[in-house]
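Asks: So that we are looking at the same thing, I have put the structure below in structure tokens.
Chains as they are written, first to last, in this note's numbering: chain A, 1 to 218; chain B, 1001 to 1241.
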């Protein structure tokens, strides 16, 4: 499994892996909000947590298709399915790599974007906390969606239609936690609920994703 | 004689063919009676006036919209466990009806909300979770349409239905949580069944039963045509080879 994780990481970071793409996309999406809403920093700092969450979610979505597509095309996925690692383990490894290459960089970029949108330091800290707890859920849910659509040609748009509704609980709890935090309210409940969603997703979705992969590889 | 015998498409076609005329007639009678009763023979509400009568379409369609999803969930599980094709097709057949009922529920709700709450739309937990339900139906139908092999499509949509149910339930509670943070508008919680006066309640029950029968009729019809389509494509495939 560690070998698999390292292999996928190497592929993602090398040229053509599209490692920086979702990061750049996240950056552009977020700086487009001031253009559309107006340069009023008061207003921007109010919508900043939600903006950054939606941006992170969309950037995450952009990179989902790559999780299985290449391995499916060149037959690696068939080999993985017959290898001694259970397919559930493969799914977990893939989702983990997706988080390392998308979720983690997004979190690291967030403080700078938070400053651009006029968030206070405390607000940024709360936002980052909520992203740390929430983005793993985005990765595993997305991996499930990618596994569902792996056999479909031009499944990109379908993938977003399938995955976005599944993102709703994560988005609500995550953005709620970030907003409450930045406005100085108590945020423990929403953080705990967010963590609950994340853990639940990691507990059940590897099995669901592995079962749909088996169906698609049939 | 077990219930599972009707998983055989031939038996299912025969039984559903026999049931259909009764179901559809009864549905028509009940809906017409209930609506006629509700529209013309019940008084206007003292506060809401005649708009209270949207209730007779709004509540039954919402009721069917939610329960159609449950029916799809059960049919999907039956398909995954027992591999009865009729079950998978019934789940497929219910989805368009479910989404149509969701839209009817949302639209009548908006029409009702405009004069009563002074707004077409409010981000109330119930309204929001209905909108989310609409999205889940959309994804489910889109996945059915996208996969070519029918058995693969049935498997994939079944898993999606199960996972979707978990996340739809999560979303339901998330919206309740989320809106409390925004405003405390408990007056908008539409717990109608318990707060409906008897005058409105009895016609409502009749219409609801009618809507359920209508749903059954439409699901049976759709499932039958799906089975026949499946047969037609099997015959065509044989003809080609």
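Virtual Cβ for every residue (Gly too), placed ideally from N, Cα, C.
#1: Nearest to residue 204(A) by alpha carbon, out of 88(A), 50(A) and 81(A)?
#2: Hey, residue 1108(B) and residue 1057(B) are a contact pair by Cβ (cut 8 Å); roughly how many whole angstroms apart?
#3: Going along chain B, which residues have a C-beta under 7 Å from residue 173(A)?
#4: If I measure Cβ to Cβ from residue 1216(B) and keep anything under 7 Å in the same chain, skipping five residues before and after, which residues do I get?
#5: List, in chain order, every chain B residue whose beta-carbon is nearer than 7 Å to that of residue 197(A).
#6: According to the neighbour-count rule (16 or more other Cβ atoms, all chains shown, within 10 Å of its Cβ), is residue 1003(B) buried or exposed?
#7: For the 8 Å Cβ check, are there 3 or more pairs between the segment 82–99 of chain A and the segment 134–150 of chain A?
#8: Apart from the five residues just before and just after residue 5(A), which ones in its own chain have a Cβ nearer than 7 Å to its Cβ?
#9: Specify, as a first and last residue, the run of the alpha helix (DSSP H) that residue 83(A) falls within.
#10: What did DSSP end up calling residue 75(A) once you bin it into helix, strand or coil?
#11: Can you have a look at residue 1072(B) and say buried or exposed, based on whether 16 or more other CB atoms are within 10 angstroms of its CB?
#12: Checking 8 Å against the spacing of the C-beta atoms, do residue 173(A) and residue 193(A) come in under that value?
#13: Helix, strand or coil: how does DSSP classify residue 1049(B) here?
#14: Using beta carbons (cut-off 8 Å, strictly below), is residue 88(A) in contact with chain B?
#15: Over what stretch of residues does the alpha helix (DSSP H) that includes residue 1022(B) continue unbroken?
#16: Output yes or no for whether 8 Å exceeds the beta carbon distance between residue 129(A) and residue 52(A).
#17: Report the three-state DSSP secondary structure of residue 180(A) (helix, strand or coil).
#18: Taking the straight line between their C-alpha atoms, what separation do you get for residue 1225(B) and residue 1043(B)?
#19: Closest to residue 1036(B) by C-alpha separation, out of 1200(B), 1152(B) and 1129(B), would be which residue?
#20: Residue 1187(B) CB to nearest chain A CB: under 8 Å?
#21: Near residue 1222(B), what residues of its chain come up, given a Cβ to Cβ distance below 6 Å and the 5 sequence neighbours on each side ignored?
#22: What would DSSP say about residue 1072(B), mapped onto helix, strand or coil?
#23: Can you find the residues in the same chain that come closer than 6 Å, C-beta to C-beta, to residue 1239(B), ignoring five residues on each side of it along the sequence?
#24: Which word fits residue 1029(B), buried or exposed, when buried means at least 16 other C-beta atoms lie within 10 angstroms of its C-beta?
#25: For a contact defined as C-beta to C-beta under 7 Å, what are the partners of residue 1178(B) on chain A?
#26: Please list, in chain order, the chain A residues whose beta carbon lies closer than 8 Å to that of residue 1102(B).
#27: Quick one: which residues of the segment 1113–1136 of chain B get their C-beta closer than 7 Å to a C-beta of chain A? List them in chain order.
#28: Helix, strand or coil for residue 63(A), going by three-state DSSP, please let me know.
#29: Taking the beta carbon of residue 175(A) as the centre, do at least 16 other beta carbons fall within 10 Å, making it buried, or is it exposed?
#30: Would you decide whether residue 1081(B) is buried or exposed? Buried here means 16 or more other CB atoms lie within 10 Å of its CB.
Replies: With the given structure in hand:
#1: 88(A)
#2: 5 Å
#3: 1174
#4: 1023
#5: 1170
#6: exposed
#7: yes
#8: 93, 96 and 97
#9: Premise fails: residue 83(A) is in no alpha helix (DSSP H) and is neither H nor E.
#10: coil
#11: buried
#12: yes
#13: strand
#14: no
#15: 1009–1040
#16: no
#17: helix
#18: 43 Å
#19: 1200(B)
#20: Only weak support is given to the placement of residue 1187(B): the predicted model assigns it a pLDDT of 37, under 50, and the question is left unresolved by the model.
#21: 1093
#22: helix
#23: none
#24: exposed
#25: 172 and 176
#26: The premise fails here: residue 1102(B) is roughly 13 Å from chain A at the closest Cβ pair, so nothing lies under 8 Å.
#27: 1132, 1135 and 1136
#28: coil
#29: buried
#30: exposed
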